[in-house]
Amino acid sequence: MILGGDIGGTKVLLGIEDPENPDRLLQERRYVCAEFTDFDAILDTYFRDSGVAPPTIRRSCLALAGPVADDGRHAKLTNLPWTIDGDALAQRFGMPSPRLVNDFVAAAMGAVTSAAAQRVTLQAGTPLGLAPCVVVGAGTGLGMALALPHESGWRIVPSEGGHLAFAPSDEEQVRLWRFLAARHRRVTWERVVSGPGLAAIYEFISGQRLAPEVVAQRALDGRDGQAQRALDLFLAAYGAYAGDMAMTCLARGGVFLAGGIAAKILPALQRSDFLKTFGDKAEHAHLLAEMPLHVAIDPSLGLKGALRLA
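All residue numbers for the sequence shown refer to this note's numbering, where the first residue is 2 and numbers rise by one.
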């Protein structure tokens with residue numbers, strides 16, 4: 002069996018896959034991090050809950066929200082006081098040492114290997130078979146990765162593309178940049194295109210501080226004009242960023258939105274200027290028009306990506 006895990010700051014998803022039937026996810030379980038002292042306790046509970054015997058695990062990959070050591074065997078979660086040691090897990094549970102990857106690497110793999118039913122296409126484009134893909138994802142932060150196809154699979158190349166400098170495209174965005182620059186030493190795209198970014202945009206517009214999920218819900222409900230304006234500005238910036246990242250690698254294989262936000266606000270995204278700003282690249286606009294653009298909507302995207310990586 003193959004074991005996969007998606008480990009965030011608040012929840013953990015675990016599941017297994019039979020190599021002879023790789024499209025079927027088995028024994029998927031969700032655990033709340035606050036109910037456990039460390040990841041070892043979660044994994045122990047999973048094996049007991051699922052009835053899966055650790056020695057039957059032949060390969061595994063754990064995707065986690067935090068930096069992974071160069072050897073791929075040790076990692077520390079960003080928002081929890083947990084460290085994960087792959088060799089220690091192997092010794093305790095009697096299974097091979099798991100591969101550890103950043104959670105957005107797994108999300109990127111999950112996105113590019115997702116079934117058509119788990120995607121919403123915003124632009125069909127004209128895809129080229131072995132051309133690069135780019136995966137971007139706004140959530141708690143802003144992730145970006147390249148996905149390079151080859152005959153036997155995919156190579157995911159991680160990046161820190163969310164930390165590039167924010168480039169305002171109109172007078173309102175220039176004012177937003179000034180608002181953020183007064184607060185931060187450097188204004189990056191992640192300061193704008195992320196959950197905290199949406200909250201900051203709403204504060205810039207209204208002078209009030211609200212949680213990003215509250216801002217999004219008010220905008221979707223249509224009961225707060227300032228929230229709608231904030232979401233519109235957020236999506237215009239998101240589209241511009243996705244288009245810029247697509248141009249960096251000529252992503253003729255496709256562009257995928259894989260963060261937690263896009264799927265949750267999909268109706269607003271489809272009505273917004275996202276696609277307009279994605280393709281608004283002056284003399285290079287024709288390049289963007291050829292790139293397929295999809296939203297990945299599978300809630301188990303990271304877990305399935307980890308299984309593919311395993």
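Note that the Cβ used here is the ideal one computed from N, Cα and C, for glycine as well.
From what residue to what residue does the beta strand (DSSP E) around residue i run?
| i | result |
| --- | --- |
| S61 | 60–65 |
| W155 | 154–159 |
| I206 | No beta strand (DSSP E) contains I206, which is instead part of the alpha helix (DSSP H) from 196–207. |
Kindly identify the DSSP beta-bridge partner or partners of residue i.
| i | result |
| --- | --- |
| F257 | V136, H295 |
| M313 | A query on residue 313 cannot be resolved here, the shown segment of the chain reaching from 2 to 311 and no further. |
| V102 | A64 |
| A166 | T189 |
Determine whether the beta carbon atoms of residue i and residue j lie at a separation below 9 Å.
| i | j | result |
| --- | --- | --- |
| P82 | A91 | no |
| A107 | G303 | yes |
| A146 | A116 | no |
| G162 | M96 | no |
| A201 | L232 | no |
| A264 | V296 | yes |
| G208 | F235 | no |
| G140 | G260 | yes |
| A283 | Q124 | no |
Have a look at residue i and residue j and give me their C-alpha separation to the nearest angstrom.
| i | j | result |
| --- | --- | --- |
| Q271 | R60 | 39 Å |
| T278 | R309 | 33 Å |
| D71 | R230 | 42 Å |
| P56 | R93 | 11 Å |
| G142 | G306 | 19 Å |
| I58 | L26 | 14 Å |
| V102 | F40 | 15 Å |
| P150 | A252 | 11 Å |
| A112 | V137 | 10 Å |
| I3 | G196 | 33 Å |
| D281 | A241 | 8 Å |
Assuming residue i is part of the alpha helix (DSSP H), what are its boundary residues?
| i | result |
| --- | --- |
| T11 | Unbroken run through T11: none, as it is neither H nor E. |
| V215 | 213–222 |
At what residue ranges does the region 235–287 contain a whole run of the alpha helix (DSSP H), taking only runs of 4 or more? 261–265, 267–272, 275–280
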